[in-house]
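*Asks:*
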Amino acid sequence: MPITVCPGCDEDIRIAGRPTIGQLVTCENCGSQFEVISVQPLELDWAFDELEDDEDWDVDEDEEEDDY
Ligand SMILES: [Zn+2]
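Remember, the numbering used here sits 1024 above the position in the sequence shown when you count from 1.
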């Protein structure tokens, strides 16, 4: 079982099965979610860029088109 280090809290993260690039894993220690960016060696990066604002999340709400 591949093991890598959590970028957030430096605890070991074990990935069940075979990791794939883009796979999301959650650190059981700090609860943060990470994305596999490299398989060999196994590396993780933040799944969500915490520097971004939250405003992009509800973009779909304004999609209604009334002017036809
Ligand atoms: Zn962690």
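Each residue gets a CB set at the ideal place from its N, CA and C atoms; glycine is no exception.
For ligand 1, which residues count as neighbours when the test is a C-beta closer than 6 Å to any heavy atom?
*Replies:* CYS1030, GLY1032, CYS1033, GLU1035, CYS1051, ASN1053, CYS1054, SER1056
*Asks:* Apply the 10 Å Cβ neighbour rule to CYS1051 and answer buried if 16 or more other Cβ atoms are within range, or exposed otherwise.
*Replies:* Within the sequence shown, residue 1051 is the residue found at index 27, counting from 1. Counting Cβ neighbours within 10 Å, CYS1051 comes out buried, since at least 16 surround it.
*Asks:* For PHE1058, which residues in the same chain have their Cβ closer than 8 Å to its Cβ, ignoring the five residues on either side in sequence?
*Replies:* On the sequence shown, residue 1058 is found 34 positions in, with the first residue counted as 1. Here the set comprises CYS1030, PRO1031, GLY1032, ILE1037, LEU1048, VAL1049, THR1050, CYS1051, LEU1068, ASP1069, TRP1070, ALA1071.
*Asks:* Could you check the C-alpha separation between VAL1060 and ILE1039 for me, to the nearest Å?
*Replies:* Mapped onto the sequence shown, residue 1060 falls at position 36. Mapped onto the sequence shown, residue 1039 falls at position 15. The alpha-carbon atoms of VAL1060 and ILE1039 are separated by roughly 10 Å.
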